[in-house]
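Numbering-wise (the working numbering), the sequence shown opens with residue -19 and increments by one.
Every residue, glycine too, gets a C-beta built ideally from N, C-alpha and C.
As the structure is a computational prediction, the values presented were derived from the model and not from experiment.
Notes to accompany the following structure.
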Amino acid sequence: MTRLLIGLASASLLLAACATSTVSPASGPSGSAPAGAPDGSAVARPTIVAAFYPLEYAARAIGGDAVDIVGLTPPGGEPHDLELSAAQVAEIASADLVLYVKGYQPAVDEAVAQQAADHSLDVSAGLTLLPAEHAAGHEGEPAGEEGATDPHVWLNPLNMAGIGTAITERLSASAPDGSAAFAANNERLGSEMATLNEQFTAGLASCRSRIMVVSHEAFAYLGSAYGFTQVGISGLSPDAEPSPARMRDVADLVTREGVTTIYYETLVDPKVAKTLADETGATSAVLDPIEGLVAGSAESYPTIMASNLATLRTGQGCT
Ligand SMILES: [Zn+2]
């Protein structure tokens, strides 16, 4: 199962930045030894398949230049309903490690079960999960599966730290030579996420409104960590079209609770959120669920979270 790639760090970084397709053995300046191989021998570079952007971020943070990362969800793509090409299924089968969140992307769940049962990691497995209760409450939507959990774990930075630790343990077991570097990287990610958590805690401590009206219910973990209740116009999946009754209910709530900002997101058509804002006299603003990057984006998980914090402070009237 191990794929041996003779890689050059710079070239693989370049490829990882594109993060859409197979990382092939890099062709670099001739005559130089592969990175990490002082004796010039071939180095086994683990190939990590990451199901969507935040997992790519965590994998890169931990693996650094010692791993090749293949992202399954292309920039600009909406990950919930990702469909996999035959080539992507083959990448899942041949990877050293596949990172995913069980229950988030049905196509990935299925491919992992069939092709990667022995080399996959559900990064949410060690986290405290919230029930997917909101998904069941909306008219016209199928009720959530019994015991189903909300997959949007990465919107709490402390969960990202936990994801980093889970990746570190798994990677260190399969590539022990890198374990010291992975541990150091994990420490760095952990403190970066702890800082972000402190900024959110302080920045959202004193706010006029504790209700977040969002286009889809991606923010339960963020809300739970910092004291907000999310009200989703559509359910857990961004594509679910809200019924007229749901729209009316949310509009009533916006008026009744004096909600001033309705949040929409980057990868999904903002029409519904903007309609609701127009109807109620509220404004609309982007709150990014970081399910993926916009194509061509130079942003990263921490910079998007910093924008989210600023947006929430304004939208929720925090002082
Ligand atoms: Zn989502």
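In this structure, the C-beta of E90 stays at least 7 Å away from each heavy atom of ligand 1. Per DSSP, A24 is not a residue of any beta strand (DSSP E), being assigned neither H nor E. Put simply, the stretch 267 to 279 touches the stretch 192 to 200. At least three CB pairs are less than 8 Å apart. Relative to the Cα of T283, the nearest Cα in the group S264, M173, E259 belongs to M173.
Residue range 251 to 260 is occupied by the alpha helix (DSSP H) that includes D258. For I147, no beta strand (DSSP E) encloses it; the enclosing alpha helix (DSSP H) starts and ends at 137 to 154.
Taken atom to atom, the span from the alpha-carbon of S100 to that of T209 is near 33 Å. Non-local C-beta neighbours of S186 in its own chain, meaning closer than 7 Å and more than five positions away in sequence, comprise C298, T299, ordered along the chain. If you look at T108, you'll find it isn't in any alpha helix (DSSP H); DSSP assigns it neither H nor E. Our two residues, T27 and I72, have alpha carbons roughly 10 Å apart in a direct line. Taking C-beta atoms as the reference points, A141 and L169 count as a pair closer than 8 Å. Y201: member of the alpha helix (DSSP H) spanning 200 to 206, first to last residue.
Residue side-chain check: A198 places its Cβ nearer than 7 Å to a non-hydrogen atom of ligand 1. Here Q85 carries a coil assignment [DSSP, helix/strand/coil]. When DSSP states are grouped into helix, strand and coil, A164 belongs to the helix group. When the Cα atoms are used, A278 and A75 turn out to be separated by approximately 27 Å.
Rounded to the nearest angstrom, the gap between the Cα atoms of Q95 and D61 is 19 Å.
Per DSSP, reduced to three states, the secondary structure at S264 is strand. In this structure, L79 is the residue among V211, A231, L79, Y244 with its C-alpha nearest to the C-alpha of L52. Under a 10 Å Cβ-count criterion, E36 is classified as buried, with 16 or more other Cβ atoms of the shown protein chains found around its own Cβ.
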